[in-house]
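Q: Chain order of the listed sequences is A and B.
In this text, residue positions in the first sequence follow my numbering: the first is 45, and each later residue adds one.
In this text, residue positions in the second sequence follow my numbering: the first is 87, and each later residue adds one.
Here it is, the structure, as structure tokens.
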Amino acid sequence: MRDEIRSIAEEMERRGYVADRAIATAVHLAQTLGRPLLIEGEAGVGKTEIAKVLAEILGTELIRLQCYEGLDVHTALYEWNYQRQLLRIRVEESGGTSPEELEATIFGRDYLLERPLLRAITRPASPVLLIDEVDRADEEFEAFLLELLSDFQISIPELGTIEATTRPHVVLTSNSTRELSDALRRRCLYLWIDHPSFEKELRILRTRRERLSTDVAEEIVRFVQRLRDSRLYKTPGVSETLDWAEALDSLGVQSLDEDAVRATLGCLLKDRHDIAALAANGLGEMLKGAPADSSDPS
Amino acid sequence: MERPVEWTARLARTLREEGVPCTVLESLAACEALEQLDASDGLDVYFGLKAAFTSSPDHEPAYERCFWALWGGSQPGEEPASADGRASERSERGVAGGGSAPPTVLERLHRAGAAEDGRARHSSDVAGASYSPDERLSHRSFERMDERDLRRMDRILDRILLRLATRKSRRYRPHRRKGRLDLRRSFRDAVAHDGELLRLARRRRRLERPRVVLLCDVSGSMERYSRFLLRFLLAAGRDRDVESFVFSTRLTRLTPWLSASHVDQALDSLGTRVHDWSGGTRIGECLDEFVRKHGRSLLGQRTIVVILSDGLDRGDVNLLERAMRAMHRKAKKVIWLNPLLASSQYEPAARGMRAALPHIDTFAPGHNLESLLELERHLTLA
Numbered sequence: 045m046r047d048e049i050r051s052i053a054e055e056m057e058r059r060g061y062v063a064d065r066a067i068a069t070a071v072h073l074a075q076t077l078g079r080p081l082l083i084e085g086e087a088g089v090g091k092t093e094i095a096k097v098l099a100e101i102l103g104t105e106l107i108r109l110q111c112y113e114g115l116d117v118h119t120a121l122y123e124w125n126y127q128r129q130l131l132r133i134r135v136e137e138s139g140g141t142s143p144e145e146l147e148a149t150i151f152g153r154d155y156l157l158e159r160p161l162l163r164a165i166t167r168p169a170s171p172v173l174l175i176d177e178v179d180r181a182d183e184e185f186e187a188f189l190l191e192l193l194s195d196f197q198i199s200i201p202e203l204g205t206i207e208a209t210t211r212p213h214v215v216l217t218s219n220s221t222r223e224l225s226d227a228l229r230r231r232c233l234y235l236w237i238d239h240p241s242f243e244k245e246l247r248i249l250r251t252r253r254e255r256l257s258t259d260v261a262e263e264i265v266r267f268v269q270r271l272r273d274s275r276l277y278k279t280p281g282v283s284e285t286l287d288w289a290e291a292l293d294s295l296g297v298q299s300l301d302e303d304a305v306r307a308t309l310g311c312l313l314k315d316r317h318d319i320a321a322l323a324a325n326g327l328g329e330m331l332k333g334a335p336a337d338s339s340d341p342s
Numbered sequence: 087m088e089r090p091v092e093w094t095a096r097l098a099r100t101l102r103e104e105g106v107p108c109t110v111l112e113s114l115a116a117c118e119a120l121e122q123l124d125a126s127d128g129l130d131v132y133f134g135l136k137a138a139f140t141s142s143p144d145h146e147p148a149y150e151r152c153f154w155a156l157w158g159g160s161q162p163g164e165e166p167a168s169a170d171g172r173a174s175e176r177s178e179r180g181v182a183g184g185g186s187a188p189p190t191v192l193e194r195l196h197r198a199g200a201a202e203d204g205r206a207r208h209s210s211d212v213a214g215a216s217y218s219p220d221e222r223l224s225h226r227s228f229e230r231m232d233e234r235d236l237r238r239m240d241r242i243l244d245r246i247l248l249r250l251a252t253r254k255s256r257r258y259r260p261h262r263r264k265g266r267l268d269l270r271r272s273f274r275d276a277v278a279h280d281g282e283l284l285r286l287a288r289r290r291r292r293l294e295r296p297r298v299v300l301l302c303d304v305s306g307s308m309e310r311y312s313r314f315l316l317r318f319l320l321a322a323g324r325d326r327d328v329e330s331f332v333f334s335t336r337l338t339r340l341t342p343w344l345s346a347s348h349v350d351q352a353l354d355s356l357g358t359r360v361h362d363w364s365g366g367t368r369i370g371e372c373l374d375e376f377v378r379k380h381g382r383s384l385l386g387q388r389t390i391v392v393i394l395s396d397g398l399d400r401g402d403v404n405l406l407e408r409a410m411r412a413m414h415r416k417a418k419k420v421i422w423l424n425p426l427l428a429s430s431q432y433e434p435a436a437r438g439m440r441a442a443l444p445h446i447d448t449f450a451p452g453h454n455l456e457s458l459l460e461l462e463r464h465l466t467l468a
């Protein structure tokens, strides 16, 4: 393994993120090639966390743009402060400023509201730009994003073109609620994060919840892994495992039994029907080791 | 290893042959990536080029196969996660699609699409070459409908899909009198009047087309309606936000195959021959699989689900009920088109159908042109 990749994995782990080889390699390449990194995976596998840890490692600012349907340029990039502009006009009416001067004033940087994308390219040092859940934004926004990610410059009609002072490290995450365009995928390095293996999840748990005893940690991970194999509407991710472990720890649970699990199941399962189904039939067996639903098709 | 550039190009070519869409751009990225990696370390290169070449978890098996085959079949120190199945996979690779399971509709469509790609037009001998006789294919001719009927049907289907799809968007468009205040435009207008706000601009949410999810039963009992189903799927494929699935004993996502134009053509000519859509039905299992695998991404308040099935189920009824309930809860509307409903004697007595009924918003026949027109009337803007 190349040293840089190993050191990235170590740095990440030191900050509580257990990165396997695929993740460390992808992060390394995104850094050295200066390309955006597109991360996909189920909810709760730690996609967003990568950007946060990366910002910590680089000792730089994290700028986050949470995407949602209807997100437009004016929420993502910039907006003029209209109220302030209007006020200024009113104030200047009695003064003797010429229209040209007035215009230059109210369309200056002071009256510009920076949104995340504009901020990300005008920092003195490269920040980490996290474009979270990009699949929630619509195609129009994706097209715009593409332009920004290829040129790293934006034009504001009243101000002219603003070029990036520094290129941000871009991380995009997606839950695949929508197929992203090929053009966007093509521009990025791609990383798919799956639910972790038993060993990896145990390591994550040991890293993040140090107080937990080894036995309980193993029991927790074994139960969650088994749960993921059964038929669920909402499969718990690593973040659910961590929540659950914390809940069990705060309740002082020394070993997993049915009562403890039943009382804390809400940390793990977030669907009423999943909880009902598990509580009704499989909980005891699940703890013992038999899968709750033997007719699993996969 | 030979020179990295050539090696990478060779990998790209094999990947393309395996259906992973990679262009020169990906190859360039891969070459750049190689410079940043330890080229003697298989795993380094494996994970690095994976980030460059793949863009979906679906590409992973093909990538893994191609990469290690090209890497020389040697076993590097550390195994990637799913390496255990590699050897067996490689030995089965001779057949397109691999595996011992019977080829799915999708695979067949894919193969036919590929055949169509190679030549401008299809000829029967190639069709014979790409289909083995034991696949039990029989010819599906559009028997009773003539060309004019078919065109009419297409138009109706288009209208239905259009009508299924109208809702208010989160995005705004300007409006003269009603809606929320639009400061940006108001201010722009004011500039023309020396900063005087003479008129307040407004904006309203615009209308948008929601997503339609089409779940099409292609089991033996639906055979008679396959012409209609094909048309429906084709019409749906033309639309951007329609996701199509077919199911019998297993669920297959069709959307990627319907959107590309050449496959559209291929499918058109295929309409006459693909029908070996298997015998049994396990609606419950398939719908449940749909909800679990695609539910969270495809179902939502902007989704209308259309199921085309006769509801004759041999699978688990409880599962069907559960899946239908989940779907009904999450989607905006669930429409079930059941050709059997056309018969006046039909009572939804099949266990599966009975279990599903409470979770259906619109239950309609849709077996011929009249019933489609009828359906269109049902689908007023909700």
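All residues carry an ideal CB built from backbone N, CA and C; glycine is no exception.
Per DSSP, what kind of secondary structure is C232(A) in: helix, strand or coil?
A: Three-state DSSP puts C232(A) in coil, outside helix and strand.
Q: What would DSSP say about I198(A), mapped onto helix, strand or coil?
A: Note: I198(A) maps to strand in three-state DSSP.
Q: Mind checking the segment 101 to 122 of chain B against chain A and listing, in chain order, the residues whose C-beta falls within less than 8 Å of any C-beta there?
A: Flagged, chain order: P107, T109, L111, E112, A115, E118, A119 and Q122.
Q: Using CA atoms only, rank isn't needed, just tell me which of R415(B), N404(B), T335(B) and G401(B) is closest to D315(A).
A: With distances taken between Cα atoms, D315(A) lies closest to R415(B).
Q: Name the two residues that bound the continuous beta strand (DSSP E) containing F151(A).
A: Note, F151(A): premise wrong, no beta strand (DSSP E); not H, not E.
Q: Can you have a look at T279(A) and say buried or exposed, based on whether 16 or more other CB atoms are within 10 angstroms of its CB?
A: So T279(A) ends up on the buried side.
Q: For the beta strand (DSSP E) containing A450(B), list its first residue and its last residue.
A: T448 to A450 is the span of the beta strand (DSSP E), which, as asked, contains A450(B).
Q: On the CB-based measure, 16 or more other CB atoms within 10 Å of its CB, does A289(A) come out buried or exposed?
A: Buried.
Q: Check the Cβ-Cβ distances between G381(B) and every residue of chain A, and say whether any is below 8 Å.
A: At least one chain A Cβ lies under 8 Å of G381(B).
Q: Would you check if the segment 98 to 106 of chain A and the segment 255 to 262 of chain A touch, i.e. whether three or more CB-CB distances between them fall below 8 Å?
A: Judged by Cβ distances under 8 Å, the segment 255 to 262 of chain A makes no contact with the segment 98 to 106 of chain A, as fewer than three pairs qualify.
Q: In angstroms, rounded to a whole number, what distance separates the CA positions of T205(A) and D195(A)?
A: For T205(A) and D195(A), the distance between alpha carbons rounds to 11 Å.
Q: Any residues in the segment 93 to 120 of chain A with a beta carbon nearer than 9 Å to a beta carbon of chain B? Which ones, in chain order?
A: Listed in sequence order: Y112, E113, G114, L115, D116 and H118.
Q: At least one CB of chain A closer than 8 Å to the CB of G134(B): is that the case?
A: Taking Cβ atoms only, chain A reaches closer than 8 Å to G134(B), which makes this a yes.
Q: Since Q129(A) and I150(A) should fall inside the 8 Å C-beta cutoff, what is the C-beta to C-beta distance between them, to a whole number of angstroms?
A: Q129(A) to I150(A), Cβ: 4 Å. Contact.
Q: Using only CA atoms, which one of C108(B), S141(B), V131(B) and A450(B) lies nearest to S220(A)?
A: Nearest C-alpha to S220(A): S141(B).
Q: Give the DSSP-derived three-state secondary structure of R257(B) in the structure shown.
A: In this structure, R257(B) counts as strand in the three-state DSSP scheme.
Q: With a cut-off of 8 Å, do at least 3 Cβ pairs link the segment 80 to 100 of chain A to the segment 236 to 251 of chain A?
A: The segment 80 to 100 of chain A vs the segment 236 to 251 of chain A: in contact.
Q: So, at 6 Å on beta carbons, what are the nonlocal neighbours of L173(A) in its own chain, with the 5 sequence-adjacent residues on each side left out?
A: Excluding sequence neighbours, L173(A) sits near I107, A164, P212 and V214.
Q: Which word fits T285(A), buried or exposed, when buried means at least 16 other C-beta atoms lie within 10 angstroms of its C-beta?
A: Label assigned to T285(A): buried.
Q: H213(A) lies in the beta strand (DSSP E); which residues open and close that run?
A: Residues H213 to S218.
Q: For R128(A), which of helix, strand or coil comes out of DSSP?
A: In this structure, R128(A) counts as helix in the three-state DSSP scheme.
Q: Ordered along the chain, which non-local residues of its own chain (more than five positions away) have a Cβ less than 7 Å from that of L426(B)?
A: So the qualifying residues of the chain are D396 and Y432.
Q: Quick check on the burial criterion: 16 or more other C-beta atoms within 10 angstroms. Buried or exposed for V242(A)?
A: Looking at the sequence itself, residue 242(A) is Phe, so the reference to Val does not match. Its Cβ having fewer than 16 others within 10 Å, F242(A) is exposed.
Q: Compute the Euclidean distance between the alpha carbons of A442(B) and I421(B), then round it to the nearest angstrom.
A: Using only the alpha carbons, I get a separation of about 11 Å.
Q: Compile a chain-ordered list of the residues in the segment 243 to 256 of chain A whose CB is closer than 8 Å to at least one CB of chain B.
A: Against chain B - using a Cβ distance shorter than 8 Å - the segment 243 to 256 of chain A contributes no residues.
Q: Return the CA-CA distance between S225(A) and I369(B), expressed in angstroms with no decimal places.
A: Cα to Cα, the separation comes out at about 32 Å.
Q: Show which residues of chain B have a CB atom less than 7 Å away from the CB atom of R229(A).
A: By Cβ distance, chain B contributes S141.
Q: Which whole-angstrom value describes the C-beta separation of R266(B) and A287(B), a residue pair presumed to lie in contact below a C-beta threshold of 8 Å?
A: Contact doesn't hold; Cβ gap of about 10 Å is too wide.
Q: Of all the residues that make up the segment 148 to 160 of chain A, which are near chain B by a beta-carbon distance shorter than 7 Å?
A: Answer in chain order: no residues at all.
Q: Does L81(B) get closer than 8 Å to chain A when you measure Cβ to Cβ?
A: The first residue shown for chain B is 87 and the last is 468, placing residue 81(B) beyond what the model contains.
Q: So what does L129(B) bridge to, in DSSP terms?
A: Partner(s): none; L129(B) has no beta bridge.
Q: Would you decide whether D303(A) is buried or exposed? Buried here means 16 or more other CB atoms lie within 10 Å of its CB.
A: It counts as exposed.
Q: What residue from I264(A), E113(A), A291(A) and A66(A) has the CA that sits closest to E186(A)'s CA?
A: Closest option to E186(A), Cα to Cα, is E113(A).
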